[in-house]
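Presented below is the structure to which this report refers.
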Amino acid sequence: MTQSLLITRRLPDRVLAAAGARFDVTLRDETKPLTQRELRAALTEFDAVLPTLGDRFDAALFAEVGKPRCGILANFGVGYNHIDAVAAKAAGVAVTNTPGAVTDATADVALTLILMTARRAGEAERILRAGKWEGWGPVQMLGTHVTGKRVGIVGMGRIGKAIARRCHYGFGMDVVFANRSTVDDPGLPARQVPLAEAMAADFVVVAVPGSPATHHLINAAAFAAMKSEGIFVNISRGDVVDEAALIAALRAGQIKGAGLDVYEFEPKVPTELVAMENVTLLPHIGTAALEVREAMGLMAVDNLVAHLEGRPLPNAV
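Following this line, the structure appears as structure tokens:
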């Protein structure tokens, strides 16, 4: 008998075809996360679930359900802070993710945010589109030079290292980084430093995983360590940053600007940030390239098939 699979958001056609070849697929064709009722149904009415960002399988849900029918949550994405993996394991539910597939695309967006914010690209485009550009001038839209500056990377995992390589080899930047554990080989000339020192770089990029341990890791004290000309970038998870502290730092001129692809309460973006010209705002597009999303989805399907066949899970968490 074919096992049932719930896919909680529409995925690329190639991924849906691969899943449909091995499972009886129910596709939830919506963009919002699962509701509480849908979360309960996911665990009790399906053999497997392919969830993604925002589908909150927390400890309270597992306690409520008791013994679920679902045997695996094959998460679409490397971050799985929306899933309580410990509670899932206790309930007999495996959890997997999609590392590797997202690394380069996410690092690319980090560089996009650095460049857009430093060179005021969003602001400049808005001026042009509004018909307010009156021609080239020597002091028009002066931004911050990127090449040769210092970047501080918070979180030196796969994505952090990919960002560091782009910054160092592409832009000749000096790299310092903060990491909870010692990184013996960062893969390039780079120096591990305390968080406060990393925050004092010209550009700061946060690339830590979302978890209770990293919630509000970047808080008012962290922003106080930044220089007034510093630019802050977040491509990790929104709640790693205390958004109120970020807004306060920007308002006070404590930092020069920010580039964000993720938000603490997304899809809600504070109106204060939207109103600031020195902030670049992207709608969580870190992995939004077709080949990347296909690779992520096929990796999730590989995890599902391994579970179906009783093999070791390629990307168990």
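Heads up: the sequence shown at position 270 corresponds to 544 in the working numbering, and the numbers run straight through without jumps.
Note that the Cβ used here is the ideal one computed from N, Cα and C, for glycine as well.
Segment limits, alpha helix (DSSP H) that includes I401 = Where I401 is concerned, the enclosing alpha helix (DSSP H) stretches over 395 to 403.
ask   = Do N493 and D516 have their CB atoms nearer than 7 Å?
value = Yes, the Cβ-Cβ distance between N493 and D516 is below 7 Å.
key: Contact check, M415 vs A398, beta carbons under 7 Å   = Result yes, Cβ atoms of M415 and A398 sit closer than 7 Å.
ask   = Where does I346 sit, in a helix, a strand or coil, going by DSSP?
value = Three-state result, I346: strand.
message = Do A375 and V369 count as a contact pair if the criterion is CB distance below 7 Å?
response = Not in contact: V369 and A375 (Cβ atoms no closer than 7 Å).
request  = To the nearest angstrom, report how far apart A334 and R400 are at their CA atoms.
outcome  = Roughly 45 Å separates the two Cα atoms.
query = Exposed or buried, which one is Y443 when buried takes at least 16 other CB atoms within 10 Å?
reply = With fewer than 16 Cβ atoms within 10 Å of its Cβ, Y443 is classed as exposed.
message = Can you confirm whether the segment 546 to 566 touches the segment 524 to 533 when touching is taken to mean that 3 or more C-beta pairs between the two stretches lie within less than 8 Å?
response = Flag = yes, the segment 524 to 533 and the segment 546 to 566 touch.
task = Alpha carbon to alpha carbon, how far is F451 from V420? Give it in angstroms, no decimals.
result = Taking the straight line joining both Cα atoms gives about 17 Å.
query = Who are I433's beta bridge partners in DSSP?
reply = DSSP, once it has assigned bridges, lists no residue as partnering I433.
task = Rank V480, R567, A291 by C-alpha distance to the C-alpha of L387 and give the top, closest one.
result = Of the candidates V480, R567, A291, the one whose C-alpha sits nearest the C-alpha of L387 is V480.
key: Member of K406, G560, Q528 whose CA lies at the smallest distance from the CA of I433   = Of the candidates K406, G560, Q528, G560 places its Cα closest to the Cα of I433.
query = Hey, R511 and G484: beta-carbon distance below 7 Å or not?
reply = Yes, these two residues count as a Cβ contact at 7 Å.
inquiry  = Using 8 Å for Cβ pairs, my map puts M570 next to F350. What's the rounded Cβ distance?
reply    = About 6 Å separates the beta carbons of M570 and F350, which is inside the 8 Å limit, making them a contact pair.
ask   = What are the boundary residues of the alpha helix (DSSP H) that V575 is part of?
value = Counting along the chain, the alpha helix (DSSP H) containing V575 begins and ends at 564 to 582.
ask   = Nearest CA to the CA of A315: which residue from T326, F331, E304?
value = The candidate whose alpha carbon is nearest that of A315 is F331.
query = Using the rule of at least 16 other Cβ atoms within 10 Å of the residue's Cβ for burial, across every protein chain shown, is T305 buried or exposed?
reply = T305 is exposed by the Cβ-count criterion.
message = Can you find the residues in the same chain that come closer than 6 Å, C-beta to C-beta, to R302, ignoring five residues on each side of it along the sequence?
response = For R302, the CB contacts under 6 Å within the same chain, skipping 5 residues up- and downstream, are T282 in chain order.
request  = Note down the Cα distance separating T545 from H489, rounded to an integer number of angstroms.
outcome  = Each residue's alpha carbon lies about 22 Å from the other.
ask   = Which runs of the alpha helix (DSSP H) spanning at least 4 residues fall entirely within the segment 513 to 561, listed in chain order?
value = Here the runs fully enclosed are 517 to 525, 545 to 548.
query = Ends of the beta strand (DSSP E) at D298?
reply = Unbroken beta strand (DSSP E) run through D298: 298 to 301.
ask   = Helix, strand or coil: which one does DSSP assign to V480?
value = Strand, per DSSP.
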